[in-house]
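Protein chains in written order, with our numbering: chain G, 1 to 41; chain L, 1001 to 1312.
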């Protein structure tokens, strides 16, 4: 594997990890809001 | 492409891992726009009240469910997509993602969207969402699309579910208006898709997909566009004729359907097989998208105006 390929793999892994973290964070907020809404509905 | 090139592409895809943008592309975001919009309209005109966060979740689930179906469609059709100019740049045929990643992503999103919709709203809405995903993947993509010219006529049902899901998420039951909206999308699908199929006919032929222009020819397709436009017009006017909507929707439907019919007439009566000269066909395809947006917007505006006058 060339250094360029290795760099590209790391770049993609980083961007996927950030995207996944954002999605999980959004889901935590969403599930919290759903729970509150269901409890008071 | 030879065997080695295919192997190299598979190895590259496995090593390089897809970018998050490729996963977004796998969900067919442009198709999702219409799905989300019609689902939202179904939700907004439904009687009853759903807290904002639950309404948002319902729309999110409809969008994610549609994305899941799109991902599974691309997973199954990656070989065919590679043969079509329109789809060759998608993540799988372009070798930017492994098929297994697409499959896991599609199945994961399917379960997630159905379970979340069931938990947040009701299980009837979740069951309809599950049906629409299964219908799109198994009935349309796997069974009908490679086998019959009627693929998009019957398969169109999958795209017609969102307003029904939006409505059921609020009410928990089905009523005549969402069924009328389902019928509108169902009968709108053939002229919408066949106008596209007319000018990308060679793409479908190269991929071996038996779309109507490929199998029955250009003239028969034009005739069928006219036939289904007539049925669609009845479906578009049905809500106002059955007093399910008011005059705002009625006038909008009448004018917009009149324009649609005039454009379909132009496409239906001309004889042109050169894709470079298919201006009217391309215009009909573009207008058909706007048409659906117009009619569904009119349903919502009509509902709000009527609600306002009743409350006043």
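Every residue, glycine too, gets a C-beta built ideally from N, C-alpha and C. Computed from a prediction, not measured in an experiment: that's the story for all the values here.
Who are the near neighbours of residue i in its chain, counting only those whose CB is closer than 8 Å to its CB and skipping five residues on each side?
i, result
"residue 1180 (chain L)", "1235, 1238, 1239, 1242, 1244"
"residue 1041 (chain L)", "1163, 1166, 1181, 1296, 1297, 1299, 1300"
"residue 1036 (chain L)", "1059, 1062, 1063, 1066, 1162"
"residue 1088 (chain L)", "1081, 1082, 1094"
Is it buried or exposed for residue i, if we count other Cβ within 10 angstroms and need 16 for buried?
i, result
"residue 17 (chain G)", "exposed"
"residue 1188 (chain L)", "buried"
"residue 4 (chain G)", "exposed"
"residue 1212 (chain L)", "buried"
"residue 1207 (chain L)", "buried"
"residue 1285 (chain L)", "buried"
"residue 1255 (chain L)", "exposed"
"residue 1252 (chain L)", "buried"
"residue 24 (chain G)", "exposed"
"residue 1277 (chain L)", "exposed"
"residue 1290 (chain L)", "exposed"
"residue 1303 (chain L)", "buried"
"residue 1247 (chain L)", "exposed"
"residue 1 (chain G)", "exposed"
"residue 1007 (chain L)", "For residue 1007 (chain L), the pLDDT reaches just 46, beneath the cut-off of 50, and the residue's location in the model is therefore unreliable, although a value from the coordinates is still provided. It is exposed - the Cβ of residue 1007 (chain L) has fewer than 16 other Cβ atoms within 10 Å."
With a threshold of 6 Å on Cβ separation, who are the neighbours of residue i within its own chain once the five nearest residues in sequence on each side are excluded?
i, result
"residue 1210 (chain L)", "1149"
"residue 1151 (chain L)", "1144, 1145"
"residue 963 (chain L)", "For residue 963 (chain L) there is no data in the structure shown, the boundaries of chain L being 1001 and 1312."
"residue 13 (chain G)", "none"
"residue 1193 (chain L)", "1152"
Cutting at 7 Å between CB atoms, please list the residues of its own chain near residue i, excluding the five before and the five after it.
i, result
"residue 1266 (chain L)", "1280"
"residue 1039 (chain L)", "1059, 1062, 1162, 1163, 1165, 1166"
"residue 1216 (chain L)", "1149"
"residue 1133 (chain L)", "1065, 1068, 1069, 1110"
"residue 1001 (chain L)", "Low local confidence applies: a pLDDT of 41 at residue 1001 (chain L) is under 50, so the model's placement there is unreliable, with the coordinate-based value given in what follows. Nothing listed; no residue qualifies."
"residue 1130 (chain L)", "1114"
"residue 1135 (chain L)", "1157, 1158"
"residue 1106 (chain L)", "1068, 1071, 1072, 1075"
"residue 987 (chain L)", "Given that chain L is displayed from residue 1001 to residue 1312, the structure contains no residue 987 (chain L) and the question cannot be resolved."
From this set, the options, which residue's C-alpha is nearest residue i's C-alpha?
i, options, result
"residue 1097 (chain L)", "L:1049, L:1126, L:1139, L:1024", "L:1024"
"residue 1078 (chain L)", "L:1068, L:1227, L:1090, L:1176", "L:1090"
"residue 1055 (chain L)", "L:1116, L:1270, L:1130", "L:1116"
"residue 1262 (chain L)", "L:1233, L:1248, L:1160", "L:1233"
"residue 1184 (chain L)", "L:1029, L:1160, L:1032, L:1220", "L:1160"
"residue 1176 (chain L)", "L:1308, L:1029, L:1019, L:1046", "L:1046"
"residue 1274 (chain L)", "L:1199, L:1205, L:1287, L:1268", "L:1199"
"residue 1223 (chain L)", "L:1018, L:1308, L:1268", "L:1268"
"residue 1157 (chain L)", "L:1048, L:1027, L:1172, L:1137", "L:1137"
"residue 1257 (chain L)", "L:1027, L:1294, L:1282", "L:1294"
"residue 1218 (chain L)", "L:1197, L:1057, L:1287", "L:1197"
"residue 1018 (chain L)", "G:22, G:21, G:11", "G:11"
"residue 1048 (chain L)", "L:1201, L:1168, L:1305, L:1205", "L:1168"
Self-check item: alpha helix (DSSP H) segments (min. 4 residues) lying fully within the segment 1068-1105 of chain L
Solution: Qualifying alpha helix (DSSP H) stretches, in chain order: 1078-1082.
Exercise. Could you tell me which uninterrupted alpha helix (DSSP H) segments, each at least 4 residues in length, are contained entirely in the segment 1161-1223 of chain L, listed from first to last along the chain?
Key: Those alpha helix (DSSP H) runs which fall completely within the segment 1161-1223 of chain L and span 4+ residues are 1162-1171, 1176-1199, 1201-1207, 1212-1215.
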